[in-house]
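The listed protein sequences derive, respectively, from chains G and D.
Number 357 marks the last residue of the first sequence (numbering that gives the first Met the number 0); no jumps.
Number 357 marks the last residue of the second sequence (numbering that gives the first Met the number 0); no jumps.
Where is the CB? At the ideal position from N, CA and C, for every residue including glycine.
Protein chains: 2
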Amino acid sequence: MRILPSDESQARKEKILQAVVHLYIRTGKPVGSSTIGDNYRLNLSPATIRNVLADLEKEGFLTHPHTSAGRIPTDRGYRFYVDSIVNIQRLAAEEEQRIRTEYTKRRRELEDLMLSTTRVLSALSHCTGFVLPHKEIVEKLRRVDLIPFNREQVLAVLVSESGFVRNHVMNVGTAPDQDALRKASNFLNDRLAGLEFPEAQTRLTSELMRFEHEMRDEQALLTTLGKDLFGLGAPQDQDLYVEGASNIFNFPEFQDYEAMRTFAHLVDEKEALGQVLARELSQKGLQVRIGAEMPELKDFSVVSTGYSLNGRPVGIIGILGPKRMEYERMMSIVNTVANLMSGYFEGRGGLIEEKERP
Amino acid sequence: MRILPSDESQARKEKILQAVVHLYIRTGKPVGSSTIGDNYRLNLSPATIRNVLADLEKEGFLTHPHTSAGRIPTDRGYRFYVDSIVNIQRLAAEEEQRIRTEYTKRRRELEDLMLSTTRVLSALSHCTGFVLPHKEIVEKLRRVDLIPFNREQVLAVLVSESGFVRNHVMNVGTAPDQDALRKASNFLNDRLAGLEFPEAQTRLTSELMRFEHEMRDEQALLTTLGKDLFGLGAPQDQDLYVEGASNIFNFPEFQDYEAMRTFAHLVDEKEALGQVLARELSQKGLQVRIGAEMPELKDFSVVSTGYSLNGRPVGIIGILGPKRMEYERMMSIVNTVANLMSGYFEGRGGLIEEKERP
DNA sequence: CTTAGCACTCAGAAAATAAGAGTGCCAGAA
DNA sequence: TTCTGGCACTCTTATTTTCTGAGTGCTAAG
């Protein structure tokens with residue numbers, strides 16, 4: 000009939016591929032040739048579509064679970080689909096509002112913020128949400144305070160430039176006397192404020208040498224402190240926040256026993272999972288990882304992005320779900336939440352790219 | 000042959016009941032009359048045992064999954080079994096050592112301790128371990144320190160009698176000046192140390208009245224602080240530590256889809272679970288709750304006990320697992336861990352009831 | 001290049017069959 | 001009176017068989 004020029008035929012192919020992925024995401028069932036014709040007005044007969052499907056399969060975008068089933072996307076198929084999403088969909092107004100409300104409800108401590116964020120992600124996505132604070136942040140020291148704790152222990156309170164607070168109880172040989180402590184904290188604050196944590200440690204040693212005579216009394220105390228205190232640069236052992244793991248089990252593809260078990264174990268081993276995520280995900284920009292792109296998570300996809308506090312990037316948030324996830328939606332959710340979270344401690348509590356709305 | 004006096008027949012009945020529960024715990028399969036004869040030298044024929052089993056069933060200690068299957072214990076059956084455990088079994092030496100090593104490895108912060116404890120419980124039990132710090136602890140204030148945080152915020156560090164440390168960032172209208180803060184902390188420490196948190200709040204108000212003229216400058220600051228600070232008596236929103244949830248899925252009775260889903264959701268909803276546990280479990284002593292004794296957890300059992308820090312009871316630790324759990328073992332684990340944990344902050348790091356061992 | 005037609009395949013559901021474990025009960029033994 | 005061997009019966013579980021239908025690939029005609 001009509002001869003399709005190669006690029007027009009290409010466009011049709013892509014349209015059909017999109018249709019398959021989209022339908023499969025919605026239904027979770029293999030997509031057959033006629034289903035496509037029914038749902039998208041392509042004015043093509045099933046037979047024609049079948050030919051195209053066969054092509055797409057040859058090129059590695061689709062597979063067969065078995066001879067006589069419809070097609071499902073391969074990882075490559077999903078990848079094409081995701082890459083073709085150019086504009087990040089705007090969230091429905093009420094969803095966006097919901098996120099904002101959650102964030103402005105009350106002043107929140109850092110840890111609390113992480114937790115809530117994880118929950119928001121999980122709740123909105125119906126998948127598993129996570130927040131992965133970056134371990135290797137090079138933090139600058141803003142302030143140290145030393146507080147007597149009991150007979151032989153001192154409580155150190157470290158505040159970093161970006162507002163993290165950490166407590167650390169340290170053993171010092173002798174009973175700490177209030178004045179010595181004050182003098183010691185002043186000393187520390189004067190010399191070390193503004194330095195990065197590892198740097199602070201070396202500086203402390205050198206300063207101790209220099210002022211040996213002046214600080215004789217506090218010498219011992221400070222040495223002990225120095226040793227103990229600045230190992231805290233990479234403080235937390237594991238620091239992956241995960242919520243909504245059980246949401247995954249609502250997806251029919253994870254209804255079988257072995258899949259559930261595997262996933263449950265995965266999430267239970269937070270350290271391991273954290274390592275995988277840290278390795279696979281970059282800090283910058285919105286990112287989608289599909290299936291075997293992450294060997295350990297070959298049956299899942301991850302939508303993630305970096306977030307920042309007070310302008311400096313400090314970690315990753317994201318959504319972990321089945322490969323068959325609503326990528327557009329997930330991408331907007333992650334994006335919106337990251338923006339909101341990034342703005343949080345700057346007291347803005349609003350979207351960064353907030354626009355007027357009629 | 001021999002006529003059994005009623006109490007001897009009673010003893011035999013109990014022996015058989017014990018056998019059924021024990022076997023069922025080990026195998027997970029309904030126990031038949033002949034299996035019992037094979038495993039326990041009772042010198043009774045299967046037929047006789049069947050009669051006894053029928054009796055036990057009438058009395059509500061056992062059930063049938065269906066007509067021609069062996070018996071399995073009812074909740075009441077388990078209860079009898081548990082109640083008949085008089086002595087808490089001693090853990091195997093290497094297991095005990097393992098716990099102790101875990102605890103003496105390094106100085107640990109409180110939160111860290113909770114987490115490790117939960118993990119130890121989970122690892123040793125192959126079930127789900129939990130730690131539930133009690134929310135309503137009436138804590139006494141040991142010390143308050145106020146630290147300038149930024150232009151309009153102050154960091155308050157509260158130390159309680161039992162050594163809890165809490166940070167709280169508070170908005171104070173004006174830029175805090177170092178001396179005012181020091182004066183304010185001194186004021187607070189002088190008047191409020193040793194008081195329980197709610198009490199501290201009321202005292203603060205009254206003291207403020209009394210010293211109105213002297214503290215005019217700090218008045219505003221202190222008022223703001225007072226409002227914000229002592230709401231922290233019951234600080235954390237949710238505070239249930241849970242680890243090893245996926246262990247449950249290794250038990251064959253949770254291999255079916257619906258059971259897994261239910262359990263996964265249960266653990267995901269930490270607040271809800273925390274509430275249930277807080278309601279059901281008492282702070283005192285080793286305790287076993289079986290099945291429907293806790294309506295929300297009717298398919299599980301919980302072995303728990305209170306733990307204390309510095310001599311005052313502050314929460315509950317426990318193991319959550321299938322009703323078919325090795326109760327003796329779980330009881331020893333919980334017991335040992337609780338003792339070890341209780342001793343932890345007293346610097347002993349050892350078992351309370353430590354005995355000589357050859 | 002597209003479409004209609006047709007034979008073919010294969011997964012999954014439903015039905016049929018077989019095997020076994022364990023019971024309950026009775027009648028006789030101790 | 002209490003125990004035991006025997007036997008018929010019940011039900012679950014596993015296995016096999018049969019059926020159905022969705023969907024394909026290919027061919028030949030439009």
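9 angstroms Cβ cut-off: residues of chain D touching residue i
| i | result |
| --- | --- |
| I35 (chain G) | Within chain D, no residue comes near I35 (chain G); the closest Cβ sits about 31 angstroms away, beyond 9 angstroms. |
| R260 (chain G) | S245, F248, N249, Q254, M259 |
Beta-carbon neighbours of residue i, restricted to chain G and to distances below 8 angstroms
| i | result |
| --- | --- |
| L154 (chain D) | V156, V158, V164 |
| G243 (chain D) | D267 |
| F186 (chain D) | Chain G residues near F186 (chain D): none, gap ~16 angstroms exceeds 8 angstroms. |
| F148 (chain D) | V158, G162 |
Residue-level contact to chain D via CB, residue i, 7 angstroms cutoff
| i | result |
| --- | --- |
| D144 (chain G) | yes |
| A18 (chain G) | no |
| A263 (chain G) | yes |
| P234 (chain G) | Only weak support exists for where P234 (chain G) lies, its pLDDT of 46 falling under 50; the coordinates are left without a value. |
| G349 (chain G) | Low per-residue confidence applies at G349 (chain G): pLDDT is 27, beneath 50, and the placement is therefore not dependable enough to give any value. |
| G342 (chain G) | no |
Closest residue to residue i among the options (Cα-Cα distance)
| i | options | result |
| --- | --- | --- |
| Y102 (chain D) | D:R209, D:L120, D:Q88 | D:L120 |
| P312 (chain D) | D:V19, D:P147, D:K283, D:S159 | D:K283 |
| L131 (chain D) | D:M329, D:P321, D:M330, D:S307 | D:S307 |
| E295 (chain D) | D:Q274, D:V168, D:K57 | D:Q274 |
| V156 (chain D) | G:F148, G:H63, G:Q152 | G:F148 |
| G290 (chain G) | G:S281, G:K269, G:A271, G:G320 | G:G320 |
| F248 (chain G) | D:R78, D:A258, D:V336, D:P251 | D:A258 |
| L280 (chain G) | G:Q17, G:D267, G:R118, G:F129 | G:F129 |
| T66 (chain D) | D:L43, D:G31, D:R78, D:I84 | D:G31 |
| V302 (chain G) | G:N309, G:N42, G:R328, G:G310 | G:R328 |
| K28 (chain G) | G:N338, G:S115, G:V287, G:P64 | G:P64 |
| L221 (chain D) | D:F60, D:R70, D:R278, D:K182 | D:K182 |
| Y326 (chain G) | G:L339, G:S300, G:L207 | G:S300 |
| Q286 (chain G) | G:A337, G:K57, G:R70 | G:A337 |
| L339 (chain G) | G:Q96, G:D82, G:R150, G:L276 | G:Q96 |
| R288 (chain D) | D:E270, D:G317, D:P251, D:E110 | D:G317 |
| L55 (chain D) | D:A263, D:F79, D:A122 | D:F79 |
| I71 (chain G) | G:D176, G:S124, G:A53 | G:A53 |
| N185 (chain G) | G:L145, G:L123, G:P197 | G:L145 |
Cβ of residue i within 7 angstroms of any chain G Cβ
| i | result |
| --- | --- |
| A277 (chain D) | no |
Contact set between residue i and chain D, taken where Cβ atoms lie within less than 7 angstroms
| i | result |
| --- | --- |
| F299 (chain G) | Going along chain D, no residue has its Cβ under 7 angstroms from F299 (chain G), so there is no contact; the nearest lies around 16 angstroms. |
Enclosing beta strand (DSSP E) for residue i [first to last residue]
| i | result |
| --- | --- |
| F196 (chain G) | First-last for F196 (chain G): 196–209, but that is the alpha helix (DSSP H), not the beta strand (DSSP E). |
| R311 (chain G) | 311–321 |
| V171 (chain G) | No beta strand (DSSP E) contains V171 (chain G), which DSSP labels as neither H nor E. |
| V241 (chain G) | 240–242 |
Unbroken alpha helix (DSSP H) run spanning residue i, endpoints
| i | result |
| --- | --- |
| Y343 (chain G) | 326–343 |
| S184 (chain D) | 177–191 |
| F79 (chain D) | 74–82 |
| G305 (chain D) | Taken as a continuous stretch (DSSP letters only), G305 (chain D) belongs to no alpha helix (DSSP H), being part of the beta strand (DSSP E) at 299–308. |
| V51 (chain D) | 45–57 |
| D37 (chain D) | 32–38 |
Can you give, in chain order, each stretch of the alpha helix (DSSP H) that sits fully within the region 252–288 of chain G and has at least 4 residues? Counting whole runs of 4 or more residues, the region 252–288 of chain G contains the alpha helix (DSSP H) stretches 256–267, 269–279.
Return the chain-ordered ranges of every alpha helix (DSSP H) run that is complete within the region 102–166 of chain D and spans a minimum of 4 residues. 109–124
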